[in-house]
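The sequence shown begins at 1 in my numbering and counts up by one.
Every residue, glycine too, gets a C-beta built ideally from N, C-alpha and C.
Since the structure is predicted, the reported quantities are computational estimates derived from the model, not experimental observations.
Quick notes on the structure that follows.
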Amino acid sequence: MLVFGFQVWVPDLTQSEMWGEINSEMNSDMSDELQLFALKNIPLIEPGDHLDEVIIDALKANGFTLQSGDLIVIAQKIVSKSEDRYRNLASVTVSEQAIKLAQQVGKDPRLVELILSESQQVIRAIPGVLIVQHRLGLIHANAGIDHSNISNGYANNEAEFEADTRVLLLPKNPDQSAQRLREQLKSRTGMDVGVVINDSVGRAWRKGTMGLAIGVSGVEPLRDLCGQSDLFGQQLQATELGYADELASAASLLMGQANEARPVVLIRGASQGSPAERERGARSLQREAERDLFR
């Protein structure tokens, strides 16, 4: 069993008096302990596989039973695989726009054509880097299209194609995918759990990738702390917590990025938020274009 946990220290009354009274409302939805468990022995996922069955079987094999309030964080890649979001570069018809852009960034024109087909607009294009706004609203390198941890072979009953030409797209609608998986898990277990689909993304001005929630159901994605008081009684004016992103990032520490084969993480101890907030989805985390100062 792989366990990652931490505890948040909450000061007692004597210590809190040193700083001023802590607003009890501020901590009402905050847990002082989180437990994260990476589920081992998840099989390789193929198109049409039922992820609810895979997750329930893995929970049993790892000694767990779903409980009320549990959260499941699942890697985007196995969601895309189960939904058969594979594409064969050998079958892509390349446009003049893709050819010109491919020359600019030094990428395969067929890949660039797929990136454009999945995108609303090109944000940045320099040698080796193509940043776009995905049709889902996400700002992503290569529109989230990936070829790592993908076996060569058959897709959509096509003949076997040349090596390294099969790529994987993001799910068509990650929020719907999360909602569907949540409903399936509830139908099979009776437990209404939260589901977060995470993906690895780069960040402006920072090196390294981290987990990002691209699909959310059953847990509040964004927690608004405006109006609450800090330790000294001052009201917070512009504080919003990217709650689902933080859960996705924590789970990524256990999932890994290479050959770890741990695409599902069980989280216990995290608040799901109010019933209304649980239904907002990951799109609520996206900043409106008119308020984006850096695009």
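Is it true that the CB of Val216 sits closer than 8 Å to the CB of Ala178?
Yes. Within cutoff.
Please give me, in chain order, every unbroken run of the alpha helix (DSSP H) with length at least 4 that falls completely inside the segment 164 to 195.
You should have 174 to 189.
So, at 6 Å on beta carbons, what are the nonlocal neighbours of Ala159 in its own chain, with the 5 sequence-adjacent residues on each side left out?
The predicted model places Ala159 with a pLDDT of 45, which falls under 50 and marks its position as unreliable; any figure quoted below should be read in that light. Cβ within range, chain order: n/a, list empty.
As an exercise, report each continuous alpha helix (DSSP H) stretch of at least 4 residues that is fully enclosed by the segment 84 to 156, in chain order.
Listed in chain order, the complete alpha helix (DSSP H) runs (minimum 4 residues) inside the segment 84 to 156 are 96 to 105, 109 to 117.
Apart from the five residues just before and just after Glu183, which ones in its own chain have a Cβ nearer than 6 Å to its Cβ?
Excluding positions up to five away in sequence, the list is empty.
Under the three-state reduction of DSSP, which class applies to Ala289: helix, strand or coil?
Ala289 falls in the helix class under three-state DSSP.
If you run the structure through DSSP and keep just helix, strand and coil, what is Ile267?
Strand, per DSSP.
If you run the structure through DSSP and keep just helix, strand and coil, what is Val219?
DSSP, reduced to helix, strand and coil, places Val219 outside both helices and strands of the structure shown, so it counts as coil.
For Thr189, which residues from the same chain have a beta carbon less than 6 Å from its beta carbon, with the 5 sequence-adjacent residues on both sides left out?
If you ignore the 5 residues before and after Thr189, its C-beta comes within less than 6 Å of the C-beta of Leu66, all in its own chain and listed in chain order.
If contacts are defined as beta-carbon pairs under 8 Å, then Gly273 and Val219 qualify, I think. What distance do you get, rounded to the angstrom?
Between the beta-carbon of Gly273 and that of Val219 there is about 6 Å, and that keeps the pair under the 8 Å contact cut.
Just checking, does the segment 38 to 46 make contact with the segment 54 to 72 on the three C-beta pairs under 8 Å criterion?
By the criterion of at least three beta-carbon pairs nearer than 8 Å, the segment 38 to 46 is in contact with the segment 54 to 72.
Nearest-angstrom Cβ-Cβ length linking Ser119 and Gln133, presumed shorter than 8 Å:
Between Ser119 and Gln133 a beta carbon distance of about 6 Å is seen, short of the 8 Å cut, so the two are scored as contacting.
Can you confirm whether the segment 73 to 81 touches the segment 94 to 110 when touching is taken to mean that 3 or more C-beta pairs between the two stretches lie within less than 8 Å?
They do not touch, by the three-pair rule.
What do you reckon, are the CB atoms on Leu181 and Val195 nearer than 8 Å?
For Leu181 and Val195, yes; Cβs fall inside 8 Å.
Residue from Gln235, Ala282, Gln234 whose Cα sits closest to the Cα of Tyr243:
Among Gln235, Ala282, Gln234, the Cα nearest to that of Tyr243 belongs to Ala282.
Which word fits His50, buried or exposed, when buried means at least 16 other C-beta atoms lie within 10 angstroms of its C-beta?
Answer is exposed; the Cβ neighbour count stays below 16.
Under 8 Å between C-beta atoms of Pro174 and Glu83:
A distance of 8 Å or more separates the beta carbons of Pro174 and Glu83.
Does the Cβ of Ala270 have 16 or more other Cβ atoms within 10 Å, making it buried, or fewer, making it exposed?
By the 10 Å Cβ count, Ala270 comes out buried.
Proximity below 8 Å, CB of Gly202 to CB of Ala141
Contact flag set, yes.
CB contact flag (Leu185, Leu285, <8 Å):
Judged by beta-carbon spacing, Leu285 lies beyond the 8 Å limit of Leu185, meaning their Cβ atoms are not closer than that value.
Are the beta-carbon atoms of Met191 and Ser249 separated by less than 8 Å?
No; because the gap between Cβ atoms is not below 8 Å, this pair is not in contact.
Quick check on Ala213: does DSSP put it in helix, strand or coil?
Ala213 falls in the strand class under three-state DSSP.
The beta strand (DSSP E) that contains Gln35, what's its start and end?
According to the DSSP assignment, Gln35 belongs to the beta strand (DSSP E) that extends over 33 to 38.
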